[in-house]
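Asks: Letter by letter, the sequence shown follows residues 2 to 214 in our numbering.
We put the CB at the ideal spot given by N, CA and C, even for glycine.
Quick one: the structure is below, questions incoming.
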Amino acid sequence: MIIDNRDGIKPSEIGCFPDLKALWSTFPRDTRLHMERVGKYADIMYRYMVENNIEDINNREGENFLTVSREIFALHDVGRHYIPFALLNKVGRLTPEEMQLLKDHTVNARRAIKSIYKKPFSDDIMKWWEEIAVYHHERFDGTGYPEQLSGEEIPLGARICAIADAYDGIASWKPYKKKQTTKEEAVEIIESEAGKQFQPELVKVFKKCTMWF
């Protein structure tokens, strides 16, 4: 195979997805909509933090991330590419093996990111993308996955995304729910997890931002 790299973009694994658009097209519609909503919520939180320089975010992430933040947050579930459609759509109780397959979408994010032939972002943004995609299911108290990181061991972007992801999972409409959760109820659930699943300071940011969700 002849590799044309005249544009200076570094190739990754050969014979996989030519670009990010090709990988994105493999996700089911419901998965894409979830990812887009999470991207919106996390981006609103991130921009609020930039405006108020919370967590010294202006020095930690830089202006480059702001230009693509919504897109990067939306790509948090890129590892879901390796989850079978039947499992993504399953309504009943999951087996331990199926549950592990779902959890593995975090570590499989690295595999998915490397499967794109032409890197869609600069090196620093690719790094932030990987951190968010791999660690957005870590918990502030250290009981999450895949590596049981805790507190500020968890990358800041992943801590923000964790709240947005959980909120959408709670608040979004699901056909199998006997009673749909209201936005207000979802906010209360997120608040109740401050200091446990989520960083307390970021929960306060989340609550201030929900008016724009």
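1) Pick helix, strand or coil for I84, following the three-state DSSP scheme.
2) Can you tell me which of N90, I84 and I114 puts its alpha carbon nearest to the alpha carbon of Q101?
3) Could you pull out every residue in the same chain whose Cβ sits closer than 7 Å to the Cβ of V51, ignoring the five residues on either side in sequence?
4) Opposite A23 in the DSSP bridges: which residues?
5) Is DSSP giving N6 helix, strand or coil here?
6) What residues are listed by DSSP as bridge partners for F199?
7) Identify whether F141 lies in helix, strand or coil by the three-state DSSP scheme.
8) Answer yes or no: do H138 and A172 have a C-beta to C-beta separation smaller than 9 Å?
9) Determine contact between the stretch 96-114 and the stretch 35-44, defined as no fewer than three beta-carbon pairs at a distance below 8 Å.
10) Determine, using beta-carbon pairs with one atom in the stretch 141-153 and one in the stretch 72-92, whether at least three such pairs fall under 8 Å.
11) Less than 9 Å between the beta carbons of Y136 and E148, yes or no?
12) Under a three-way DSSP split, which group does F18 fall into?
13) How should N6 be labelled, buried or exposed, when 16 other C-beta atoms within 10 angstroms of its C-beta is the threshold for buried?
14) Alpha carbon to alpha carbon, what distance is there between R48 and I10?
15) Assuming A1 and A75 form a contact by the criterion Cβ under 8 Å, report the distance between their Cβ atoms to the nearest whole angstrom.
16) Going by DSSP in three states, H77 sits in which element: helix, strand or coil?
17) Starting from the Cα of K209, find the closest Cα among K197, Q198 and E192 and give me that residue.
18) Suppose only complete runs of 3+ residues qualify. What are the beta strand (DSSP E) ranges in the stretch 23-50, listed by chain order?
19) Can you round the beta-carbon distance between S116 and L34 to whole angstroms, since I take them to be within the 8 Å contact cut?
Replies: Inspection of the coordinates gives the following:
1) Stepping through the sequence shown from its first residue, residue 84 is reached at position 83. Coil.
2) For the purposes of this step, residue 101 is identified with residue 100 of the sequence shown, where counting begins at 1. Nearest to Q101 by alpha-carbon distance, out of N90, I84 and I114, is I84.
3) In the sequence shown, the residue the question calls residue 51 occupies position 50. Closer than 7 Å at Cβ, skipping near neighbours: I58, N59 and L67.
4) Residue numbering aside, residue 23 sits at position 22 when the sequence shown is read from its first letter. According to DSSP, A23 bridges with nothing at all.
5) For the purposes of this step, residue 6 is identified with residue 5 of the sequence shown, where counting begins at 1. In this predicted model, N6 has a pLDDT of only 39, less than 50, meaning its place in the structure is not dependable; the value taken from the coordinates is given anyway. The answer is coil: DSSP assigns N6 none of H, G, I, E or B.
6) As a working note, residue 199 is residue 198 in the sequence shown. Beta-bridge pairing links F199 to A195.
7) Position 140 of the sequence shown, counting from 1, holds the residue named residue 141. Coil, per DSSP.
8) Walking along the sequence shown from the start, residue 138 turns up at place 137. Walking along the sequence shown from the start, residue 172 turns up at place 171. Taking 9 Å as the Cβ cut-off, H138 and A172 do not qualify as a contacting pair.
9) The answer is no - the stretch 35-44 does not touch the stretch 96-114, with fewer than three Cβ pairs under 8 Å.
10) Too few Cβ pairs lie closer than 8 Å, so no.
11) Here residue 136 refers to the residue found at position 135 when the sequence shown is read from its first residue. Here residue 148 refers to the residue found at position 147 when the sequence shown is read from its first residue. Going by C-beta atoms, Y136 is nearer than 9 Å to E148.
12) As a working note, residue 18 is residue 17 in the sequence shown. When secondary structure is reduced to three states using DSSP, F18 falls in the strand class.
13) If you number the sequence shown from 1, residue 6 lands on position 5. Here N6 scores only 39 on pLDDT, less than 50, and its place in the model is too uncertain to base an answer on.
14) For the purposes of this step, residue 10 is taken as residue 9 along the sequence shown, with counting starting at 1. For the purposes of this step, residue 48 is taken as residue 47 along the sequence shown, with counting starting at 1. Since pLDDT at I10 reaches only 44, below the 50 mark, its modelled position is unreliable, and no value is offered.
15) Since the first residue shown for the chain is 2 and the last is 214, residue 1 is missing from the structure and cannot be characterised.
16) Along the sequence shown, one-based indexing puts residue 77 at 76. Helix.
17) Reading the sequence shown from its first residue, position 208 is the one you call residue 209. Of the listed residues, the one whose Cα sits closest to K209 is E192.
18) Within the stretch 23-50, there are no complete beta strand (DSSP E) runs of at least 3 residues.
19) Against the sequence shown, residue 116 aligns to sequence position 115. Against the sequence shown, residue 34 aligns to sequence position 33. Under the criterion of beta carbons closer than 8 Å, S116 and L34 do not qualify as touching, at roughly 22 Å.
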